[in-house]
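Residue 241 is where the sequence shown starts when you use the numbering used here, and the numbers rise one by one after that.
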Amino acid sequence: MDVAGRVVLITGASSGVGAALAEHLAGMGARVVVNYSRSADAAEAVVSRITSTGGQALAVQADVSEEADCKRLVAATIEQFGQLDVLVNNAGTTTFVPHDQLEALTEEIWLRTLRVNLIGAFMMSREAAPHIGAAGGGEIIMTSSIASMTANGSSIAYCASKAGMNSLTRTLAKALGKQKIRVNAVLPGLIDGDWAFNTWGGGDAEQYDGLKKMFADQTPLGHVVTPDDVADTIVSLITGSDYVTGQLVTLDSGFTL
Numbered sequence: 241m242d243v244a245g246r247v248v249l250i251t252g253a254s255s256g257v258g259a260a261l262a263e264h265l266a267g268m269g270a271r272v273v274v275n276y277s278r279s280a281d282a283a284e285a286v287v288s289r290i291t292s293t294g295g296q297a298l299a300v301q302a303d304v305s306e307e308a309d310c311k312r313l314v315a316a317t318i319e320q321f322g323q324l325d326v327l328v329n330n331a332g333t334t335t336f337v338p339h340d341q342l343e344a345l346t347e348e349i350w351l352r353t354l355r356v357n358l359i360g361a362f363m364m365s366r367e368a369a370p371h372i373g374a375a376g377g378g379e380i381i382m383t384s385s386i387a388s389m390t391a392n393g394s395s396i397a398y399c400a401s402k403a404g405m406n407s408l409t410r411t412l413a414k415a416l417g418k419q420k421i422r423v424n425a426v427l428p429g430l431i432d433g434d435w436a437f438n439t440w441g442g443g444d445a446e447q448y449d450g451l452k453k454m455f456a457d458q459t460p461l462g463h464v465v466t467p468d469d470v471a472d473t474i475v476s477l478i479t480g481s482d483y484v485t486g487q488l489v490t491l492d493s494g495f496t497l
């Protein structure tokens, strides 16, 4: 798919992978909807960077865990741009709970994690699919995680939610194929950035640098994935063959080999 003139809706796009992807696609001529839940200033900054170079972008607040918000987000996209060609389900959440502390993993944590990471991705896909189909077909991309396959992650709930997203990717690919809608997922490893710095690194630069080196040393390519790396991979799925669907693309510098 040539993304020039296409409309791409990215959830969770105020920072990190979502922001990098929005700017990358806008630079290729796509019209981009930058969704955010709470970080209005950051989302507007992404839009400002895009429009300052001649691109088209719109920031829309919505919590993908809420069905009404999913409907409103897609409606705002159609109202502004008149079509929808690509949806990227990038919004995600987690709560750090050691895997051996089962009692600490409450029902509340489970439900919030599933509603954002899995149910939200389904609801967004359900709302977007008719419009993508009406545009002649397009793609839905899921931002999953290697935690879905390694049984290592911020919590058991997070791992399970991303494993569910992998299954959602494959089942939607089969369900939506006749509408010429491809569905694929990217599974990154540790992503270098503010979120990892503040959570895994505890906001301490020395501690975080040590963590990154430790992780990089465990990969054949000696590299910690960046938001730009993930954005590039997503773009390659969107702009590549129109016959790749139902695929789970691991992006971790070989960590899981």
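Every residue gets a Cβ at the ideal spot worked out from N, C-alpha and C, and that includes glycine.
- Beta bridge pairing from DSSP links residue 378 with 421.
- Of 323, 288, 312 and 405, the smallest CA-CA separation from residue 245 is found for 323.
- Assignment of residue 398 by DSSP, reduced to helix, strand and coil, places it in the helix class.
- Relative to the Cα of residue 410, the nearest Cα in the group 398, 424, 402 and 418 belongs to 424.
- Between residue 317 and residue 249, the CB-CB gap stays under 8 Å.
- Taking 4 residues as the minimum length, the alpha helix (DSSP H) runs contained wholly in the segment 304-389 are 307-321, 347-354 and 360-374, in order along the chain.
- Secondary structure of residue 416 (DSSP, three-state): helix.
- Between residue 368 and residue 327, the C-beta gap is smaller than 8 Å, which places the two residues in contact.
- Excluding residues up to 5 positions away in sequence, 491 lie with their Cβ nearer than 7 Å to the Cβ of residue 469 in the same chain.
- Non-local C-beta neighbours of residue 390 in its own chain, meaning closer than 7 Å and more than five positions away in sequence, comprise 496, ordered along the chain.
- Taking the Cα of residue 298 as reference, the smallest distance to any Cα among 305, 290 and 304 is reached at 290.
- Residue environment analysis places residue 339 among the exposed positions, since fewer than 16 neighbouring C-beta atoms fall within 10 angstroms of its C-beta.
- Pairwise C-beta distances place the segment 357-371 out of contact with the segment 278-288, as fewer than three of them are shorter than 8 Å.
- Taking 8 Å as the upper bound for CB-CB distance, residue 279 and residue 356 are not in contact here, some 15 Å apart.
- Out of 256, 433, 452 and 383, the CA that lies nearest to the CA of residue 489 is found in 383.
- The criterion of a C-beta distance shorter than 8 Å is satisfied by residue 267 and residue 295.
- With fewer than 16 other Cβ atoms from the protein chains shown falling within 10 Å of its own Cβ, residue 348 counts as exposed.
- For residue 253, no alpha helix (DSSP H) segment is defined, and its DSSP state is neither H nor E.
- In this structure, DSSP gives residue 458 a state outside helix and strand, which the three-state scheme calls coil.
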